[in-house]
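Line order of the protein sequences matches chains B and D.
Counting from 1, position 139 in the first sequence corresponds to residue 139 in the working numbering; the numbering is continuous, with no gaps.
Counting from 1, position 215 in the second sequence corresponds to residue 1215 in the working numbering; the numbering is continuous, with no gaps.
A quick write-up on the structure given underneath.
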Amino acid sequence: MEILLVEDSPQDAELAAIAIRRAAFGGVLTHVPDGERALEWLRRRDADSDGNELPLPGLVLLDLKLPRVDGLAVLRQVKSTPRLKRLPVVVFTSSREERDLACAFELGANAYVVKPVEFNAYCDAIAQILGFWTRLSEETSYTTFP
Amino acid sequence: MSPDGFEALFRRSPLPTAVLGREDHLIRDVNDAALDYFGFKREEVIGRTSTMLDLWEDDSTRERILGKLAREGRATDVECRMRRRSGALVDAVMSIEPLQAGDEEWLIVQVQVVTTLVEAQRHEARLSRFYSALSEIGEAVARIDDEQALLQAACEICVERVGNNVAFALIADPIPRIVASAGVAAAAYVPGVRPEMDYQEACRPFAHVFAEGTSWVSNDVPRDPVLFQWSERLAAAGTLSLSVIPLFRHGRVRGAISLHHPEVQSYDPETLDLLSRIGRVLSHAFDAIEADRERRDAQDALASLNRVLDERVRRRTQELEAVVSELDAFSYSVAHDLRAPLRAVNAYAQLASEQIEADPAVARDYLDKAARSVEELSRLIDDLLAFARAGRRPLDLSSVDLDSLVGQVVEELKLLHPGAAIDRQPLPAATGDVFLLRRVFHNLIDNALKFSAGKEAAQVEIFATEGPVYHVRDNGVGFDPGRVAKLFGVFERFHDPGRFQGTGVGLAIVRRIVERHGGSIRGDSAPDRGATFSFTLGGQLPTRLQVQQVESAASL
């Protein structure tokens, strides 16, 4: 199991890493600091230079406000690429804006979670995301490839 | 017959009748019919002879009649040809009867006017020409909606159809001047007549028409005393009859048409009536043209006012939308970006307190991070305040020496970026708020230095082009032109926070200041190709093409 964390703030990335570790996540956590590199990384997984498909992460934690390519643009790209669109993408952001929420779901986000300011609540939110999406993704892969 | 009875008969007779001395042939009295017919005033004829008045075509006629009178004591129904005061010859039948009253002996002379068939036909033909002229002018009125063109058409019709040799039109606005003419050009036609100068003094007809608003006619130009010296000149140039018809606007005389005819007695009462009708038709047409023009002008004015209002509403709406969307972006950014360091402070404090006993060194590390997050929060707040100030601070406008201002900014920034290559061209002075303009150049040059810092041979250039348009260019990492719309937003960072420091407020402040000076700004770039920021302090930037030409020229 692998998680891709797309997060520009170094502090937020560190906090997310701590929270994920606390949620007893045993897989690989990959962090990219902007949208452009997120897409580059995902494309490389979609097909390498020889055209081979590599394993996709089980979950993408996507911040919205990012340098270079913003979160919603990343989401649009992912959800309009044949293989990548199956990826569970959880938007994880400070934004409580209605339009961000609406836009994210419109583009096919699998969940939208507002980052809590209080650290314990923050860790709980991460734990719930992981608890839900990592289990679901295991079941999904089981049923998709019996 | 009683003398009273004779008197009444004499006065009222429609036949021209005169009473002459038996021996001296001096005219003692005439009736009105005679005065009308021959065109004299009473005082001109009383006490004079027919010879003195030049009434005979030739002496032989006179001698023939006098001979008959001497032989027979009377002359009855003698056909003769006589001359009117105007010089026109008329056929008449004359009868002379002696009359004795007391000691006095008189001759009663009576003339029967013979209107020949030819004369009647000629009159008919003239009337018909005037009628056709009137109807053609009516057509012209329907066709032409310009005053001057209409007058020109009317003059041409009067010359071509009525047989006038000259027609010209004057319009007083307020000095009368010739605006249309046909036939021989009016000015060349009467040397020395300049209606615009002379109409009041020298040329009585115009003075009459302008003062009285009625037509003026002379059917015998060479003998008309009113015309003074002009009668000779007009006659020499071929005008024997002259009529001047007033043109009106809103009931007031505004101009006149002057018609010149090469024959005497051209304008009889009937033709004059037609001419004044032509004048009235043209006058009505002028009023209609003016009303139409006023209506069109009013419509145009209304339409242009509407356009101005539309444009103003559109611009205001645009400005308002821009303000609203800026505010929107601003509050969004504040909500998003101020929360991030708050969250970090909370988290590091929590982590520190968890570790404080187990591992004090780790706890201290967390506390340091919390402190750094607080500093970041403080920086964000400072920048937000600067941004708000850039928008709210009243503009203190003065003439700003941009050369020395940019010189100071560059010196300051060189302390922070030692060894930076900054090429500074002379800049024209500008009118603006010196504090805010310093901020503009500081932020732009600081950005240029920051984003070119990693480069070998990093270079920052500051220059101005025609307009003036001010440019700050670097050869640094540049930015994705696809995201240019977000370039000037609050807290928009285009690069990794780890690699380039900054809160993302600098360019938002720059744009706000530039726009408050009435100017505009934009950035041109491609990743790793450097960036150029160009702005004006009033007015729009030239189109993209022009700037690119300027840039490529500047980079040669």
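Even for Gly, the Cβ is constructed at its ideal location relative to N, Cα and C.
With contact defined as three or more Cβ pairs closer than 8 Å, the region 111-125 of chain B and the region 1352-1362 of chain D are not in contact.
Contact residues of the region 13-25 of chain B toward chain D are E14, L15, I18 and A19 (C-beta to C-beta distance below 9 Å).
Residue pairing by DSSP puts D:S1218 in a beta bridge opposite D:L1242. Relative to D:D1396, the option among D:L1377, D:L1380, D:R1379 and D:A1430 whose CA is nearest is D:A1430. Straight across, the Cα-Cα distance linking D:V1253 with D:Y1267 is about 21 Å. Below the 9 Å Cβ cutoff, chain B contributes Q11 as neighbours of D:S1373, in chain order. Per DSSP, the unbroken alpha helix (DSSP H) holding D:S1452 starts and ends at V1434 to S1452. Judged by beta-carbon spacing, D:F1387 lies within the 8 Å limit of D:A1508, meaning their Cβ atoms are closer than that value. Under the DSSP assignment, D:F1168 falls outside any alpha helix (DSSP H), being part of the beta strand (DSSP E) whose first and last residues are V1166 to A1172. If you check each beta-carbon in the region 37-64 of chain B against every beta-carbon of chain D, none falls closer than 7 Å. DSSP, reduced to helix, strand and coil, places D:S1520 outside both helices and strands of the structure shown, so it counts as coil. Just measuring C-alpha positions, the residue of B:N52, B:V32 and B:E97 sitting nearest D:S1331 is B:E97.
In this structure, the CA atom of B:S80 is about 15 Å from the CA atom of B:C103.
For D:G1255, the enclosing beta strand (DSSP E) begins and ends at R1252 to H1261.
Taking CB atoms only, B:R96 has a neighbour in chain D less than 8 Å away. The distance from the Cβ of D:I1278 to that of D:I1137 is about 6 Å, consistent with a contact at the 8 Å cut-off.
B:N120 has a beta carbon lying within less than 8 Å of a beta carbon in chain D. Straight through space, the alpha carbons of D:L1053 and D:S1276 are spaced by roughly 33 Å. Ranking D:G1506, D:V1244, D:P1262 and D:H1471 by CA distance to the CA of D:P1542 puts D:H1471 first.
B:I129 is not a Cβ neighbour of B:A16, given a cutoff of 8 Å. Where D:Y1470 is concerned, the enclosing beta strand (DSSP E) starts and stops at V1469 to D1474.
If you keep only unbroken beta strand (DSSP E) runs of at least 3 residues inside the region 11-62 of chain B, you get 28-32 and 59-62.
The continuous alpha helix (DSSP H) containing B:G71 extends over residues G71 to K79.
Counting along the chain, the unbroken beta strand (DSSP E) around D:Q1110 starts and ends at E1104 to V1113.
If you draw a straight line from the Cα of D:L1026 to the Cα of D:V1045, it is about 9 Å long. Comparing alpha-carbon positions, the option among D:R1439, D:L1107, D:V1166 and D:D1403 lying closest to D:R1389 turns out to be D:R1439.
Among the residues of chain D, none has a CB under 9 Å from the CB of B:V91; the nearest is roughly 13 Å distant.
The alpha-carbon separation between D:E1160 and D:V1308 amounts to approximately 50 Å. With 16 or more neighbouring CB atoms inside 10 Å of its own CB, D:A1347 falls in the buried class.
For D:Y1267, the three-state secondary structure derived from DSSP is coil.
Taking the CA atoms as reference points, B:L64 sits about 43 Å from D:D1401.
Relative to D:I1422, the option among D:S1086, D:I1521 and D:V1410 whose CA is nearest is D:V1410. Taking 9 Å as the Cβ-Cβ cut-off, the region 1347-1363 of chain D approaches chain B at A1347, Y1348, A1349, Q1350 and L1351, given in chain order. Taken in chain order, the whole alpha helix (DSSP H) runs of length 4 or more contained in the region 1125-1184 of chain D are 1147-1162.
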